[in-house]
Amino acid sequence: VTESINPVEFECMKNEVVQLHALVDQLNTKVNSLTDLTLQLSASLNALQQQVLAPPKEEPQFSLPERWNGEVGSPDGLLASLDMQFECQPGRFPTARSWVVHLTSLLSGRAQEWAAALYNSKSPACNDYAAFVAALRKTFVPPNARSGGLTSPALSCPRPNPVTPDDLPRPPGDPPFPDHLRSLLSSNPGVPLAPSP
């Protein structure tokens, strides 16, 4: 004996099967998406593990240059040493301010007092290495030494041209030397001079 199927029930069952197929398709899509995400996370994890396990890049080690007091000799040796250090250790000194802080830590005597006065007056030069070095040279290096006009025959070796702010090294991505800081090099720099001894 064959039972007759109610057309309404048949239509309902048919709709349920279609819905189940759609649900299975959605679940398959989600599974595929989760599989892709798992593969991406696994690749990222492997890359991070490689970075952690890789030996650190060795930066050259520098001994600290002698402190400069602003009175004996010139800052050229100190500045050249720092330029090399900043070039070879960019991760340790990433900003212009970090360059100024490191240079300031190597000043002593009158030069250190001058740098402290700049810092306490909130001078913009404390955030700009080129401006700071230019102000340091203007304050402590005699004009004839800056221009190469040496008077002593014993010191008549060739001197480089005077350094301008644009010649000084700057941290990567640092903006150009700002015009408003060029006043540090004018006759009225607005920067504290070295304190009297």
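According to our numbering, the sequence shown is numbered sequentially starting from 1006. Just so you know, even glycine gets a beta-carbon here, dropped at the ideal spot from N, CA and C.
In the three-state DSSP reduction, Leu1141 falls in the helix class (H, G or I). Rounded to whole angstroms, Leu1112 and Val1106 show a C-alpha spacing of 10 Å.
DSSP links Leu1112 through a beta bridge to Trp1073. Residue burial is scored here from C-beta neighbours: Asp1030 has fewer than 16 other C-beta atoms within 10 angstroms and is therefore classed as exposed. Note on Leu1123: 16 or more other CB atoms within 10 angstroms of its CB, so buried under the neighbour-count rule.
Annotation for Ser1038: the continuous alpha helix (DSSP H) segment containing it runs 1012-1058. Counting only the Cα atoms, Arg1102 lies some 14 Å from Asp1088.
Phe1098 carries a coil assignment under DSSP once its states are collapsed to helix, strand and coil.
Looking only at Arg1097, Leu1141, Leu1032, Leu1084, the smallest Cα-Cα distance to Glu1118 is reached by Leu1141. The C-beta distance from Ala1136 to Pro1129 rounds to 7 Å, short enough to fall under 8 Å. Bounds of the alpha helix (DSSP H) holding Cys1093 are 1081-1093.
Each residue's CA atom was taken as its position, placing Glu1092 and Phe1098 some 9 Å apart. Take the alpha-carbon of Gln1054 and the one of Thr1040: they are about 21 Å apart. Per DSSP, reduced to three states, the secondary structure at Ser1128 is coil, with no helix or strand assignment. Taking 8 Å as the upper bound for CB-CB distance, Leu1083 and Trp1073 are in contact here, some 5 Å apart. In this structure, the straight-line span from the alpha carbon of Val1146 to that of Arg1115 is close to 13 Å.
Here the alpha carbon of Thr1100 sits roughly 23 Å from the alpha carbon of Lys1143.
Here Val1146 carries a coil assignment [DSSP, helix/strand/coil]. By the C-beta density criterion, Cys1017 is exposed, having fewer than 16 other C-beta atoms within 10 angstroms.
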